[in-house]
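I have placed the structure first, in the form of structure tokens, so that the comments after it can refer back to it.
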Amino acid sequence: MRHRQVIAVLALAGLFVALYLYLYKIGVYGELKCGSGGCETVQASPYAMLLGQPVALYGVLGYAALFAICMVGLHPRLTAQRWPTTVLAVLATLGFAFTAYLTSLEMFVIHAWCRWCLGSAAIITLIWFVALPAALRSRRPRTGS
Amino acid sequence: MKRFYLLLGALVIVGGALLYVAGKSKGGSISAMTDVPPANDGFKGYALGSDSAPVEVVEYVDYECPICAIFATVQFPTIKEQLIATGKVRWRIRDYPLRITAHPNARYAALAAECAGEQGKFWPMADSLFNHHNWAQTGQDVSGLFRGFAQGAGVDPAKYDACMQGQRYAGRIAASYQEGEQRGVNGTPTFFVNNRPYPGRATSDGFKGYVDTLLAARTTRR
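Chains P and H are the protein sequences, given in the same order. The first sequence maps to residues 16 to 160 in my numbering. The second sequence maps to residues 530 to 751 in my numbering.
Given below as structure tokens:
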């Protein structure tokens with residue numbers, strides 16, 4: 016169950032990054048500690064909103080869901096269950112695909128880099144790298160006695 | 530397992546502390562705005578539409594006002610399409626930042642729009658202020674957020690910063706406010722059509738009906 020622990024730690028770190036971006040976006044923080052100004056350019060672009068809500072909010076919800084599933088999956092009664100691993104892999108894949116889309120927007124459309132967004136992209140990529148192999152392993156039939 | 534929960538606990542403490550510290554360090558927009566006497570520099574507000582349009586609408590606006598934001602985002606796009614783009618109406622914006630505690634950033638927002646306007650980006654800046662209106666619900670410092678809006682609008686950030694720090698147009702905003710008071714404005718948005726208070730509803734249909742009536746009367750008189 017080591018992979019669930021690793022994902023839980025990563026998801027919690029990602030949750031703080033997404034929360035920071037979300038609180039900035041709704042005006043709780045006056046400025047982003049970014050260093051380059053690129054964060055504010057990205058956050059002020061129309062692509063920082065999706066379906067009327069800041070994109071960072073989807074990050075907050077996504078990381079919160081990943082963290083919650085990990086914690087549930089670490090309960091002694093559920094450690095042998097396969098479904099938390101499968102759900103984690105599905106969520107991580109969706110998050111990774113969404114992040115890849117957002118990063119491509121930064122690169123090709125907005126032409127600015129938000130370091131916090133890149134940090135979040137690195138975290139969800141790591142989660143995906145842990146979650147996917149774990150899900151594939153869990154689907155293999157167990158051999159031996 | 531114990532080490533795992535210790536690690537989670539440490540992460541929660543560190544992450545929470547960082548978010549708290551980030552919330553404490555503010556850029557100082559509200560306190561940076563000082564009272565400046567009205568300075569009428571002859572500027573009559575940013576206008577959209579043809580100089581030869583037969584009808585001019587003047588809108589007194591407060592960027593922190595939610596009704597102004599709803600009007601700007603819901604009604605104004607249709608007005609632009611039906612009345613401004615067709616050459617019937619020229620739309621002029623005048624600042625009227627309400628002096629109420631619920632709108633602590635209204636003057637700062639007006640200043641941000643003016644500073645973007647100085648670089649030819651008034652309209653995209655005004656759009657950003659209204660389209661991302663969540664800032665108006667928190668009453669927190671917005672300096673970095675507005676700076677981001679300005680950069681997104683294509684403004685040179687160094688010139689923008691100099692304009693904001695020097696409150697270059699604070700006197701102009703105060704003069705616009707004073708003008709509004711003299712005309713009887715007591716809330717936002719308030720509209721004047723060809724220098725007369727607009728009697729209709731603040732909707733695209735309301736304006737279209739009123740403008741069409743004015744234009745029809747004009748045609749009949751000829």
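For every residue, glycine included, the Cβ atom is placed at its ideal position computed from N, Cα and C.
With 16 as the cutoff for other CB atoms within 10 Å, does residue i come out buried or exposed?
{"i": "Met-654 (chain H)", "result": "buried"}
{"i": "Val-70 (chain P)", "result": "buried"}
{"i": "Glu-672 (chain H)", "result": "It should be noted that the sequence gives Ser, not Glu, for residue 672 (chain H). The residue is buried, with at least 16 neighbouring Cβ atoms inside 10 Å."}
{"i": "Gly-557 (chain H)", "result": "Unreliable positioning characterises Gly-557 (chain H) in this predicted model, as indicated by a pLDDT of 45, which lies under 50. The coordinate reading is nonetheless provided below. It is exposed - the Cβ of Gly-557 (chain H) has fewer than 16 other Cβ atoms within 10 Å."}
{"i": "Val-105 (chain P)", "result": "exposed"}
{"i": "Tyr-727 (chain H)", "result": "buried"}
{"i": "Ser-560 (chain H)", "result": "Reliability of the predicted coordinates at Ser-560 (chain H) is poor, the pLDDT of 41 falling under 50, and the value obtained from them is presented with this limitation in mind. It is exposed - the Cβ of Ser-560 (chain H) has fewer than 16 other Cβ atoms within 10 Å."}
{"i": "Phe-123 (chain P)", "result": "exposed"}
{"i": "Thr-615 (chain H)", "result": "exposed"}
{"i": "Tyr-625 (chain H)", "result": "buried"}
{"i": "Val-694 (chain H)", "result": "Before going further, note that residue 694 (chain H) is Gln rather than Val in the sequence given. Exposed: under 16 other Cβ atoms inside 10 Å."}
{"i": "Gln-58 (chain P)", "result": "buried"}
{"i": "Ile-596 (chain H)", "result": "exposed"}
{"i": "Asp-570 (chain H)", "result": "exposed"}
{"i": "Trp-98 (chain P)", "result": "exposed"}
{"i": "Pro-148 (chain P)", "result": "exposed"}
{"i": "Gln-96 (chain P)", "result": "exposed"}
{"i": "Tyr-689 (chain H)", "result": "buried"}
{"i": "Arg-152 (chain P)", "result": "exposed"}
{"i": "Ala-633 (chain H)", "result": "For the sequence presented, residue 633 (chain H) should be read as Pro rather than Ala. So Pro-633 (chain H) ends up on the buried side."}
{"i": "Ser-657 (chain H)", "result": "buried"}
{"i": "Thr-742 (chain H)", "result": "exposed"}
{"i": "Gly-88 (chain P)", "result": "buried"}
Spell out the partners DSSP gives residue i in its beta bridges.
{"i": "Gln-68 (chain P)", "result": "P:Leu-65"}
{"i": "Ala-83 (chain P)", "result": "Partner(s): none; Ala-83 (chain P) has no beta bridge."}
{"i": "Leu-743 (chain H)", "result": "DSSP, once it has assigned bridges, lists no residue as partnering Leu-743 (chain H)."}
{"i": "Val-684 (chain H)", "result": "Its beta-bridge partners do not exist; DSSP assigns none."}
{"i": "Phe-585 (chain H)", "result": "Correcting the residue type first, residue 585 (chain H) is Glu in the shown sequence and not Phe. Note: Glu-585 (chain H) sits in a beta bridge opposite H:Arg-619."}
{"i": "Phe-721 (chain H)", "result": "H:Val-587 and H:Pro-726"}
{"i": "Leu-577 (chain H)", "result": "H:Trp-620"}
So that I know if they touch, is there some Cβ in chain B lying closer than 8 Å to that of residue i?
{"i": "Ala-551 (chain H)", "result": "Of the protein chains in this structure, namely P and H, none is chain B."}
Taking 7 Å as the line, does the beta carbon of residue i fall inside it for any heavy atom of the ligand FMN?
{"i": "Trp-620 (chain H)", "result": "The ligand FMN is absent from the structure shown, which contains no ligands of any kind."}
- [ ] Give, in chain order, every unbroken run of the alpha helix (DSSP H) that is at least 4 residues long and sits entirely within the region 598-648 of chain H.
- [x] The qualifying runs are 605-608 and 635-647.
Task: Residues from the region 533-549 of chain H in contact with chain P, defined by Cβ distance under 9 Å - done: Residues Phe-533, Leu-536, Leu-537, Leu-540, Val-541, Val-543, Gly-544, Gly-545, Leu-547 and Leu-548.
- [ ] For the region 699-711 of chain H and the region 673-684 of chain H, state whether three or more C-beta atom pairs, one from each stretch, are separated by less than 8 Å.
- [x] Flag = no, the region 699-711 of chain H and the region 673-684 of chain H do not touch.
- [ ] Taking only beta carbons into account, state which residues of the region 722-737 of chain H come closer than 7 Å to chain P, listed in chain order.
- [x] Listed by position along the chain: nothing, the set is empty.
Open item on the list: Three or more C-beta pairs under 8 Å: does that hold for the region 641-653 of chain H against the region 572-582 of chain H?
Closed with: At 8 Å Cβ cutoff, the stretches touch.
Open item on the list: Check whether the region 29-38 of chain P and the region 66-81 of chain P touch, using three or more Cβ-Cβ pairs below 8 Å as the test.
Closed with: Touching, per the Cβ criterion.
Task: Inter-stretch contact (C-beta, 8 Å, three-pair minimum) for the region 728-737 of chain H and the region 605-625 of chain H - done: The region 728-737 of chain H, when compared against the region 605-625 of chain H, does touch it at the 8 Å Cβ threshold.
Task: Short-range partners of chain P found in the region 670-685 of chain H, where Cβ spacing is below 7 Å - done: So the list reads Asp-670, Val-671, Ser-672, Gly-673, Leu-674, Arg-676, Gly-677, Phe-678, Gln-680 and Gly-681, given in the order they occur along the chain.
Open item on the list: Across the region 678-698 of chain H and the region 533-544 of chain H, are there enough close Cβ pairs to call them in contact, namely three or more that are closer than 8 Å?
Closed with: In short, these stretches do not touch, since the Cβ pair count stays below three.
Open item on the list: Runs of 4 residues minimum, wholly inside the region 122-157 of chain P: which ones carry the alpha helix (DSSP H) assignment?
Closed with: List check, alpha helix (DSSP H) in window: 130-154.
Task: Contact the region 123-140 of chain P vs the region 100-114 of chain P: 3+ CB pairs below 8 Å - done: A contact is defined here as three or more CB-CB pairs under 8 Å, and the region 123-140 of chain P meets this definition with respect to the region 100-114 of chain P.
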